[in-house]
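Colleague: One structure coming up, written as structure tokens, with questions to follow.
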Amino acid sequence: MRICCVVGCGNSTYHLNKWMKNLCPVHKCNFGTRSCDCEPPFKLFPFPTENKNPDLRRKWMIQVNRIDPITNKNWTPKSHDRVCSNHFEECAPTEKCPYSSVNLGHTVKTTVRPSRKIILKHQFQKKSKSVSENTSTIESSALLYKHLLPRAKRLTYWSASKKIVSTKAKRVLKKSPKKFGPKRKLSVKDELVMTLMKCKVGMNSELLGDFFGVQLSVVSQVLNTWLKFLAYELKPLIHWPDKEITKETLPHVYTSFAPNLRCIIDCTEIFIERPRDKELQAQT
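Counting along the sequence shown from 1, when you hit position 77 you're at 77 in UniProt numbering, and nothing is skipped either side.
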């Protein structure tokens, strides 16, 4: 498609073809046919070639005054670039005025449309900011991690196959900052993040193993250990007010049918994986 290269002008062969499909009210036929000698709304003129008239070609380029947005250098016309008749004083290049000089768009402010990637990046940043403001802050998460870290370093992984064997022999080991049992496959922070991802998103254990690069058995040990550990450590954060305080703050709507109301059970959905054992399936 041939198009006028002047900034702010959109005349092209598309508009000429669209004009030719309309009916001429004078000749009672379509515009541009043999029976209609009406002038088109504009004409498109090609740039002078480099071989025949290089000086005039440069003059045309100077008059257009465009900058290549990619190289940020002087613009070079392509084979489809044209200058329409609206930019010539005599509606066409002549010997008196061989180059364009009217309405060249030098004062037109151009607007650059952002690409889809930039738009999506902006939306993601905006969404990320709203999520971070409506959920826990980085400071509170760091405070929780700092509170759990000393005891989490000495955690012993839970295992259903272990049996407690009583012995009368006294242990002579002193308190050690290191935990008993095999060494950790993951850091304390990674284990905490894995547990939170399981509780919040309900991700499959196999997928968690792929994310953290550990086996499924390690994921199971980490989750079983940390769920019990978090339940014990965070239990004091659950506030259970006295019965008298609950009655004083009880809404009047509940006084008629539930005057002794203490709490309302929230039917929260918790994502769990279906166990393979039939007995465990029946329990869940």
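Even for Gly, the Cβ is constructed at its ideal location relative to N, Cα and C.
Mark SER100 as exposed unless 16 or more other C-beta atoms lie within 10 angstroms of its C-beta, in which case mark it buried.
Modeller: Reading the sequence shown from its first residue, position 100 is the one you call residue 100. Classification of SER100: buried, given that the 10 Å Cβ count is 16 or more.
Colleague: Using only the alpha-carbon positions, how far apart do LEU155 and VAL253 sit?
Modeller: As a first step, residue 155 is located in the sequence shown; it is residue number 155 there, counting from the start. As a first step, residue 253 is located in the sequence shown; it is residue number 253 there, counting from the start. Cα-Cα distance, rounded: 47 Å.
Colleague: Per DSSP, what are the beta-bridge partners of PRO48 in this structure?
Modeller: Your numbering for residue 48 matches position 48 in the sequence shown. In DSSP, PRO48 forms no bridge with anything.
Colleague: Kindly indicate which three-state DSSP category ARG82 falls into: helix, strand or coil?
Modeller: Residue 82 sits at position 82 when you count from the first residue of the sequence shown. Residue state, collapsed to three classes: strand.
Colleague: Along the chain, where does the alpha helix (DSSP H) that runs through TYR145 open and close?
Modeller: As a first step, residue 145 is located in the sequence shown; it is residue number 145 there, counting from the start. Note, TYR145: alpha helix (DSSP H), 138–152.
Colleague: Which of helix, strand or coil does DSSP assign to ILE3?
Modeller: As a working note, residue 3 is residue 3 in the sequence shown. Reduced to three states, the DSSP call for ILE3 is strand.
Colleague: Which residue marks the beginning of the alpha helix (DSSP H) containing ARG58, and which one marks its end?
Modeller: Taking the sequence shown and counting its residues from 1, the one referred to as residue 58 is at position 58. Taken as a continuous stretch (DSSP letters only), the alpha helix (DSSP H) holding ARG58 covers 54–64.
Colleague: Does the distance from the C-beta atom of ASN17 to that of PHE31 stay below 8 Å?
Modeller: What you label residue 17 is simply residue 17 of the sequence shown in a count that begins at 1. What you label residue 31 is simply residue 31 of the sequence shown in a count that begins at 1. Their beta carbons are not under 8 Å apart, which means ASN17 does not touch PHE31 by this criterion.
Colleague: Residues bridged to ASN30 by DSSP?
Modeller: Along the sequence shown, one-based indexing puts residue 30 at 30. According to DSSP, which records beta bridges pairwise, ASN30 is partnered with LEU23.
Colleague: How long is the line joining the alpha carbons of LEU44 and THR13, rounded to whole angstroms?
Modeller: For the purposes of this step, residue 44 is taken as residue 44 along the sequence shown, with counting starting at 1. For the purposes of this step, residue 13 is taken as residue 13 along the sequence shown, with counting starting at 1. LEU44 and THR13: Cα-Cα distance of roughly 8 Å.
Colleague: Just to confirm, are ASP9 and ASN86 a CB contact at a threshold of 8 Å?
Modeller: In the sequence shown, residue 9 corresponds to position 9, counting from 1. In the sequence shown, residue 86 corresponds to position 86, counting from 1. In the sequence as presented, Asp is not what sits at residue 9; that position holds Cys. Their beta carbons are under 8 Å apart, which means CYS9 touches ASN86 by this criterion.
Colleague: So GLN283 is in the alpha helix (DSSP H); what residue range does that whole segment cover?
Modeller: Walking along the sequence shown from the start, residue 283 turns up at place 283. Here the alpha helix (DSSP H) through GLN283 covers 278–283.
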